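K.L.:
I'd like to ask some things about the structure below.
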Amino acid sequence: MINNREIMQTIEMIDQQHLDVRTITMGISLRDCASEDIKRSCGKVYDKICRLAGKLVRTGEEIEAEFGIPIVNKRISVTPIAMVGESCTSRSFVPFAMALDKAAREVGVNFLGGFSALVHKGFTSGDERLIESIPEALAQTELVCSSVNVGTTRAGINMDAVRKMGIVIKDTAELTKDRAGFGCAKLVVFCNAVEDNPFMAGAFHGVGEPECVINVGVSGPGVVSHALRSAKGASFDEVAELIKKTAFRITRMGQLVAQEASQRLGVPFGVVDLSLAPTPAIGDSVADILELMGLESVGAAGTTAALALLNDAVKKGGVMASSHVGGLSGAFIPVSEDAGMIRAAKSGKLTIEKLEAMTCVCSVGLDMIAVPGDTPADTLSGIIADEAAIGMVNNKTTAVRLIPAPGKTVGDVVDFGGLLGSAPVMPVNRCSQAEFVARGGRIPAPLHSLRN
Amino acid sequence: MKAIVTVIGKDTVGIIAEVCSLLAARGVNVLDISQTVLQEYFTMIMLVDVSGCTCPFVDLAEELKQHGTGRGLSIRIQREDIFNAMHRI
């Protein structure tokens, strides 16, 4: 029998330490929705999503009520639309985004990911049309998220795609300038993108995935920081143990919710993504955890080491708690979504260069960072290339979600509201890389990609 | 199916009686109760069996919550599985 202390501990985690299941994401294959006629294809896409995900939100809410654990988001990921639309004769893929947005509204989810293309080795005609459609698609829809994979450890980096994505980000910001470039908050450029990621904006339903699947993303930076408060002065061995134990509990809860959702919806369970995903709420910050380890501010020397320990301990603790772990699994460091990161960025204690170093040891990349609106597309491409190189060489996922906020400059703050938070505009190195980016071609895969 | 009811808040006369009669009216059987009062702060934990509950679990949870809100109490009911998952291997 569970004792009272354990019951109260769980309730405190939920009530005071922001413990929640961040997302239940239903992955849906749209591979059977292709057609030469884009209208017909869009109709199939809409119908299939509404049919399979019709009960998703209600089921999530029922689980939430029965277990007393908040499930913040219910989301959908779909087959990369570049593949679904490949055989269409239409030049623009914007109608797909409109159909996805309509379906997402109909079933009541808060985001839908998969307006995506995987171009790490080159473009098909569908990939090209999708990428060209991204700015308009993101400007005309509210709930659709887009991602493009430009590199992998095995294929190298497609620098033509890197160059294109710099321009696409700029165009997206321009088309959504009335909302401070909000469209860019829904656009991720990946290296080593994963096929079962439940988190937005980078979720898509990979080609190796089943017809329909349930993936769950857990969270809980607040719970970890609360545990660390009791460990002032403790050695790193003890800190790592404490984080592992906490991560285990959080993940067990995620696993339970995932199994329950899978059973009720009659859809196979895919993975639990063991991520520490912060929110702008006070006390729900990854930066706070790093500072509790003894740093005056996130960004100080020592930050990367602290994050490395945190990321590793979260995985070690979580892996035994779930039957299948996947997705991004690790700590997220989105600047605009983390009160501690926002504070450090505003005061200049956290720079893009330090964030880049941090992405070598965490689960994602340069995430939700606002940069001056006049940052050239080439510079954005340069930043994407650097991140992709880190991912490629280190066999890990890296991502770039930058917002070149139109008309804004260093010192301004861009507010997106809700979970996306607010981002102080951070300075970027202004030296040119135009010639570098213009070269095009592919950066060859590293030697250690040859593992067979 | 078993569930845990927790009642937290300022101590007043008749909390246990009220919560128990509400549960009884819905066909919920109380298996175990423990309660403590610490500096006027009341904490009650009940293990209940909801297999005979006459209304949907979600409605029961909402009714308990509403009952507590009017009295400055936080009353919740959660399936026991969540505690087992988090604290037992």
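Quick note, the sequences are listed as chains H and R, same order. Taking my numbering, I'd label the letters of the first sequence as residues -4 to 447. Taking my numbering, I'd label the letters of the second sequence as residues 5 to 93. All C-beta atoms in this analysis are idealised placements derived from N, C-alpha and C, irrespective of residue type, glycine included. Note that the structure is a prediction, hence the values are computed from the model and not measured.
Bridge partners for residue 66 of chain H per DSSP, in chain order?
P.N.:
Here residue 66 of chain H refers to the residue found at position 71 of the first sequence. H/16, per the DSSP bridge assignment.
K.L.:
Once DSSP output is grouped into helix, strand and coil, what is the label at residue 62 of chain R?
P.N.:
Working through the second sequence from its first residue, we reach residue 62 of chain R at position 58. Annotated three-state conformation of residue 62 of chain R is helix, per DSSP.
K.L.:
Relative to the alpha-carbon of residue 141 of chain H, which residue among H/85, H/182, H/409, H/269 has its alpha-carbon at the smallest distance?
P.N.:
For the purposes of this step, residue 141 of chain H is taken as the residue at position 146 of the first sequence. Considering only alpha carbons, the answer is H/182.
K.L.:
Tell me the residue span of the beta strand (DSSP E) that contains residue 112 of chain H.
P.N.:
Sequence index remark: in the first sequence, residue 112 of chain H carries index 117 (1-based). That run of the beta strand (DSSP E) goes 106 to 113.
K.L.:
Quickly, what does DSSP pair residue 185 of chain H with across the bridge? List them, please.
P.N.:
As a position in the first sequence, residue 185 of chain H is number 190, starting the count at 1. Bridge partners of residue 185 of chain H: H/144, H/394.
K.L.:
Assuming residue 176 of chain H and residue 371 of chain H are in contact, meaning their beta carbons sit under 8 Å apart, how far apart are those beta carbons, in whole angstroms?
P.N.:
As a working note, residue 176 of chain H is residue 181 in the first sequence. As a working note, residue 371 of chain H is residue 376 in the first sequence. Between residue 371 of chain H and residue 176 of chain H the Cβ distance is about 15 Å, and since that is not below 8 Å, they are no contact.
K.L.:
Could you tell me which chain H residues have their CB closer than 7 Å to the CB of residue 10 of chain R, listed as they occur along the chain?
P.N.:
Your numbering for residue 10 of chain R matches position 6 in the second sequence. Chain H residues near residue 10 of chain R: 2, 6.
K.L.:
Please list, in chain order, all residues of the same chain as residue 310 of chain H whose beta carbon is under 7 Å from its beta carbon, the five residues on each side excluded.
P.N.:
By one-based count along the first sequence, residue 310 of chain H stands at place 315. The beta carbon of residue 310 of chain H sits closer than 7 Å to the beta carbons of 269, 324, 325 from its chain, once the five residues preceding and following it are set aside; these are given in chain order.
K.L.:
Pull up the distance between the alpha-carbon of residue 112 of chain H and that of residue 129 of chain H, whole angstroms please.
P.N.:
Translated into the one-based positions of the first sequence, residue 112 of chain H becomes position 117. Translated into the one-based positions of the first sequence, residue 129 of chain H becomes position 134. Spanning the two alpha carbons is a distance of roughly 10 Å.
K.L.:
Name, going along the chain, the residues of the stretch 57 to 81 of chain H whose beta-carbon falls closer than 8 Å to a beta-carbon of chain R.
P.N.:
57, 60, 61, 62, 63, 64
K.L.:
Counting only beta-carbon atoms, is residue 34 of chain R nearer than 8 Å to chain H?
P.N.:
Here residue 34 of chain R corresponds to residue number 30 of the second sequence, with the count starting at 1. By the rule that beta-carbons nearer than 8 Å mark a contact, residue 34 of chain R does not touch chain H.
K.L.:
Counting only Cβ pairs nearer than 8 Å, list the residues of chain H close to residue 38 of chain R.
P.N.:
Start at 1 with the first residue of the second sequence, and residue 38 of chain R comes out as number 34. By Cβ distance, chain H contributes -1.
K.L.:
Is residue 53 of chain R helix, strand or coil when you go by DSSP?
P.N.:
Translated into the one-based positions of the second sequence, residue 53 of chain R becomes position 49. Correct three-state label for residue 53 of chain R: strand.
K.L.:
I want to know whether the stretch 377 to 385 of chain H touches the stretch 401 to 419 of chain H - three or more CB-CB distances under 8 Å.
P.N.:
no
K.L.:
Using a Cβ cut-off of 8 Å, pull out every chain H residue sitting near residue 86 of chain R, in sequence order please.
P.N.:
Translated into positions along the second sequence, residue 86 of chain R becomes position 82. By Cβ distance, chain H contributes 5, 62, 63, 64, 248, 251.
K.L.:
Relative to the alpha-carbon of residue 11 of chain R, which residue among R/59, R/54, R/50, R/58 has its alpha-carbon at the smallest distance?
P.N.:
Position 7 of the second sequence, counting from 1, holds the residue named residue 11 of chain R. Residue R/50 is the option with its Cα nearest to residue 11 of chain R.
K.L.:
For the beta strand (DSSP E) that contains residue 321 of chain H, what are its first and last residues?
P.N.:
Mapped onto the first sequence, residue 321 of chain H falls at position 326. It is not in any beta strand (DSSP E) - residue 321 of chain H carries neither H nor E in the DSSP assignment.
K.L.:
Counting only C-beta atoms, is residue 434 of chain H closer than 8 Å to chain R at any point?
P.N.:
Locating residue 434 of chain H in the first sequence gives position 439, where the first residue counts as 1. No, residue 434 of chain H does not count as interfacial toward chain R.
K.L.:
Looking only at DSSP bridge pairs, what is residue 45 of chain R linked to?
P.N.:
Position 41 of the second sequence holds residue 45 of chain R. BP columns for residue 45 of chain R point to R/14, R/42.
K.L.:
Kindly indicate which three-state DSSP category residue 462 of chain H falls into: helix, strand or coil?
P.N.:
Nothing about residue 462 of chain H can be reported from this structure: the residues present for chain H run from -4 to 447 only.
K.L.:
Would you say residue 70 of chain R faces chain H, with C-beta separation under 8 Å as the test?
P.N.:
Here residue 70 of chain R is taken as the residue at index 66 of the second sequence, counted from 1. Judged by the 8 Å Cβ criterion, residue 70 of chain R is not in contact with chain H.
K.L.:
For residue 365 of chain H, count neighbouring C-beta atoms within 10 Å of its own C-beta (all shown protein chains included) and say buried if the count is 16 or more, exposed if not.
P.N.:
As a position in the first sequence, residue 365 of chain H is number 370, starting the count at 1. It counts as buried.
K.L.:
Just the chain R side, please: which residues come within less than 9 Å of residue 244 of chain H by C-beta, in chain order?
P.N.:
Within the first sequence, the letter at position 249 stands for residue 244 of chain H. For residue 244 of chain H, the residues of chain R that pass the 9 Å Cβ criterion are 89, 90, 91, in the order they occur in the chain.
K.L.:
Which of the three DSSP states, helix, strand or coil, is assigned to residue 327 of chain H?
P.N.:
Here residue 327 of chain H corresponds to residue number 332 of the first sequence, with the count starting at 1. In this structure, residue 327 of chain H counts as coil in the three-state DSSP scheme.
K.L.:
To be precise: take each residue of the stretch 53 to 65 of chain R, compare its Cβ to all Cβ atoms of chain H, and keep it if any distance is under 7 Å. Which residues remain?
P.N.:
So the close ones are 61, 62, 65.
K.L.:
Which residue from H/334, H/367, H/397, H/389 puts its Cα closest to that of residue 361 of chain H?
P.N.:
For the purposes of this step, residue 361 of chain H is taken as the residue at position 366 of the first sequence. The shortest CA-to-CA distance from residue 361 of chain H to any of H/334, H/367, H/397, H/389 is the one to H/397.
K.L.:
For the pair the stretch 130 to 139 of chain H and the stretch 92 to 101 of chain H, tell me if three or more CB-CB distances fall below 8 Å.
P.N.:
yes
K.L.:
Please classify residue 5 of chain R as buried or exposed, where buried requires at least 16 other C-beta atoms within 10 Å of its C-beta.
P.N.:
On the second sequence, residue 5 of chain R is found 1 positions in, with the first residue counted as 1. So residue 5 of chain R counts as exposed.
K.L.:
By the 10 Å Cβ neighbour count, where 16 or more other Cβ atoms means buried, how is residue 328 of chain H classified, buried or exposed?
P.N.:
For the purposes of this step, residue 328 of chain H is taken as the residue at position 333 of the first sequence. Residue 328 of chain H is buried by the Cβ-count criterion.
K.L.:
Can you tell me which of H/304, H/317, H/38, H/151 puts its alpha carbon nearest to the alpha carbon of residue 90 of chain R?
P.N.:
Walking along the second sequence from the start, residue 90 of chain R turns up at place 86. Answer by Cα proximity: H/317.
K.L.:
Name the one or two DSSP bridge partners that residue 265 of chain H has.
P.N.:
Counting from one through the first sequence, the residue named residue 265 of chain H turns up at place 270. Paired residue(s): none; residue 265 of chain H is not in a bridge.
K.L.:
Among H/132, H/384, H/248, whose alpha-carbon lies nearest the alpha-carbon of residue 179 of chain H?
P.N.:
For the purposes of this step, residue 179 of chain H is taken as residue 184 along the first sequence, with counting starting at 1. Nearest of H/132, H/384, H/248 to residue 179 of chain H, Cα basis: H/132.
K.L.:
Between the stretch 117 to 127 of chain H and the stretch 68 to 82 of chain H, can you find at least three pairs of beta-carbon atoms closer than 8 Å?
P.N.:
yes
K.L.:
Let me make sure I understand the geometry here. Which of H/126, H/282, H/356 has the alpha-carbon closest to that of residue 307 of chain H?
P.N.:
The residue you call residue 307 of chain H lines up with position 312 of the first sequence. Nearest of H/126, H/282, H/356 to residue 307 of chain H, Cα basis: H/356.
K.L.:
Flag this pair as touching only if the stretch 277 to 289 of chain H and the stretch 182 to 198 of chain H have three or more C-beta atom pairs under 8 Å; answer yes or no.
P.N.:
no
K.L.:
Taking just the CA atoms, how far does residue 373 of chain H sit from residue 424 of chain H?
P.N.:
The residue given as residue 424 of chain H occupies position 429 in the first sequence. The residue given as residue 373 of chain H occupies position 378 in the first sequence. Residue 424 of chain H and residue 373 of chain H: Cα-Cα distance of roughly 12 Å.
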